[in-house]
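So the structure is just underneath, and the comments pick up after that.
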Amino acid sequence: MFHGTITKELTSHEEWSHYNENIIEDQKDFVFVKYNGLHLKSMENLQSCISLRVCIFSNNFITDIQPLQSCIKLIKLDLHGNQIKTLPDRTFWGGLKNLKLLYLHDNGLAKLKNICVLDVCASLIGLTMFDCPVSLKKGYRHVLVNSIWPLKALDHHIISDEEIIQNWHLPERFKTFNHRLFFNLCPALVKGTTYEDEIKNIKQIISRINRILAHNSPVLIVQRWIRGFLVRKRLSPLFKRKKPKDKMIRVLETKWICIGRRHDDKIMEDIFLLKPESHMKGKVAHWKKDKTKLWVNFH
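Each position in the sequence shown, counted from 1, maps to that position plus 749 in my numbering.
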């Protein structure tokens, strides 16, 4: 176990021992960084990781995350279990336009006003802040839900319509903290995961959140009904249009013969025993005046 900076970790940790020190210069190409439980105190060298998309720095001694400002392509940022007491300003979070999942639980965040800077995160879908002092404050959830507009999941529950629309009393199924809205936003870390595994996991989490909302949000249910009605209304002329009847005429190998219902067994015998065509034509001529026709198709 190492107690120091990322530079020391990269050059001295056993998992990186087979790399050359020049790997530090190639940090601009890093897309995935995972340092969990290594007691790191600083993130200063991550400022050169401009391509970073997934950053996991959980269970360390991090207090300042300002070096991440240049990592504008971040999709997932896991900083839970550190010693962060204040968050950077709105300029920092406004630059993370692709950030979808942010894990800040089990930190020292205590001021409600400070965490409101997250309202500029344009794509933030999931956020965790449980086990932080600020989560014990009255109105903590209400403030975050109504400040961060794209947010869909906070801590252990999906955000309900009751939390967004004030004074709207809903049935038990749609109420806040209903068991249908429970969701584990931060599953346990799996050792040895790759960048592809993390991206797949992110997509699964977001897909699961959307699926829960689709079945437990009255607003989304009504919107789905309205969209379905408008689509059916627009396409209704196509369904009502009658298809023209196909003419029962074929000129190739198929032979069509018209036979009246009033016929004797001799005619049926001629047809199904497939006698020569010239012989059948002579017999059919006698029934041309019949009103009711029977079409027989054979090769």
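The beta carbon of each residue, even a glycine, is placed where N, CA and C say it ideally should be.
#### Entry: Residues near ASP868 in its chain [Cβ-Cβ closer than 7 Å; skip 5 each side]
Locating residue 868 in the sequence shown gives position 119, where the first residue counts as 1. Contacts found: SER896 and ILE897.
### Task
Pair every Cβ in the region 931 to 941 with every Cβ in the region 966 to 973, then say whether three or more of these pairs are closer than 8 Å.
no
### Message
Cutting at 7 Å between CB atoms, please list the residues of its own chain near ILE908, excluding the five before and the five after it.
### Response
In the sequence shown, counting from the first residue as 1, residue 908 sits at position 159. Counting only Cβ-Cβ distances below 7 Å, and skipping sequence neighbours, we find VAL894, LEU900, LYS901 and ALA902.
### Message
At 4 residues or longer, what runs of the alpha helix (DSSP H) sit wholly inside the region 917 to 947?
### Response
none
### Cα-Cα separation between LEU845 and SER956, rounded to whole angstroms
Translated into the one-based positions of the sequence shown, residue 845 becomes position 96. Translated into the one-based positions of the sequence shown, residue 956 becomes position 207. Roughly 21 Å between the two C-alpha positions.
### Closest residue to LEU962 among LEU984, SER985, PRO920 and ASP910 (Cα-Cα distance)
As a working note, residue 962 is residue 213 in the sequence shown. Per the Cα distances, ASP910.
### Query
How many angstroms separate the CA atom of PRO936 from the CA atom of LEU848?
Numbered from its first residue, the sequence shown carries residue 936 at position 187. Numbered from its first residue, the sequence shown carries residue 848 at position 99. Each residue's alpha carbon lies about 18 Å from the other.
### Message
On the CB-based measure, 16 or more other CB atoms within 10 Å of its CB, does GLY977 come out buried or exposed?
### Response
Sequence index remark: in the sequence shown, residue 977 carries index 228 (1-based). By the neighbour-count rule (16 or more Cβ atoms within 10 Å), GLY977 is not buried but exposed.
### Nearest candidate by alpha-carbon position, reference PHE810, set ASP904, GLN796, CYS881 and HIS829
Looking up residue 810 in the sequence shown gives position 61. The shortest C-alpha separation from PHE810 is found at HIS829.
### Task
Leaving aside the five residues before and after LYS924 along the sequence, list all residues of the same chain whose C-beta is less than 7 Å from its C-beta, in chain order.
On the sequence shown, residue 924 is found 175 positions in, with the first residue counted as 1. For LYS924, where only same-chain residues beyond five positions count, the Cβ hits under 7 Å are SER909 and GLU911.
### Message
Whole angstroms are fine: how far does the CA of ARG922 sit from the CA of ILE975?
### Response
As a position in the sequence shown, residue 975 is number 226, starting the count at 1. As a position in the sequence shown, residue 922 is number 173, starting the count at 1. The alpha-carbon atoms of ILE975 and ARG922 are separated by roughly 21 Å.
### Task
Could you give the DSSP three-state label for ILE913: helix, strand or coil?
By 1-based counting over the sequence shown, the position of residue 913 is 164. Three-state DSSP puts ILE913 in a helix.
#### Entry: Best match in CYS870, ILE805 and VAL892 for proximity to TYR944 [C-alpha to C-alpha]
Here the question's residue 944 lines up with position 195 in the sequence shown. Looking at the Cα atoms, ILE805 is the closest of the given residues.
### Task
Let me know if VAL980 comes out buried or exposed under the rule of 16 or more other beta-carbons within 10 Å of its beta-carbon.
Your numbering for residue 980 matches position 231 in the sequence shown. With fewer than 16 other Cβ atoms within 10 Å, it is exposed.
### Task
Over the uninterrupted beta strand (DSSP E) stretch that includes THR877, give me the two end residues.
Stepping through the sequence shown from its first residue, residue 877 is reached at position 128. Segment 875 to 877, the beta strand (DSSP E) holding THR877.
### Task
Closer than 7 Å by C-beta to PHE926: which residues in its own chain qualify, once you throw out the five before and the five after it? Chain order, please.
Reading the sequence shown from its first residue, position 177 is the one you call residue 926. HIS906.
### Task
Identify whether ALA902 lies in helix, strand or coil by the three-state DSSP scheme.
Position 153 of the sequence shown, counted from the start, is the residue given in the question as residue 902. Of the three classes helix, strand and coil, the one that applies to ALA902 here is strand, per DSSP.
### Counterpart residues of PHE781 in DSSP-defined beta bridges
As a first step, residue 781 is located in the sequence shown; it is residue number 32 there, counting from the start. Answer by DSSP bridge pairing, in chain order: VAL803.
### Query
Along the chain, where does the beta strand (DSSP E) that runs through LEU979 open and close?
Along the sequence shown, one-based indexing puts residue 979 at 230. No beta strand (DSSP E) holds LEU979; the alpha helix (DSSP H) holding it covers 967 to 989.
### Task
Just list the beta strand (DSSP E) runs in the region 791 to 871, keeping only unbroken ones of 3 residues or longer that don't cross its boundaries, in chain order.
803 to 805, 825 to 827 and 850 to 852
### Query
Beta-carbon separation of ILE833 and ILE814 under 8 Å?
Residue numbering aside, residue 833 sits at position 84 when the sequence shown is read from its first letter. Residue numbering aside, residue 814 sits at position 65 when the sequence shown is read from its first letter. Yes, these two residues count as a Cβ contact at 8 Å.
### Bridge-paired residues (DSSP) for ILE907
Within the sequence shown, the letter at position 158 stands for residue 907. DSSP lists ALA902 as partners of ILE907.
### Query
Taking the C-alpha atoms as reference points, what is the distance between SER1027 and PHE988?
Within the sequence shown, numbered from 1, the residue matching residue 1027 stands at position 278. Within the sequence shown, numbered from 1, the residue matching residue 988 stands at position 239. Here SER1027 scores only 47 on pLDDT, less than 50, and its place in the model is too uncertain to base an answer on.
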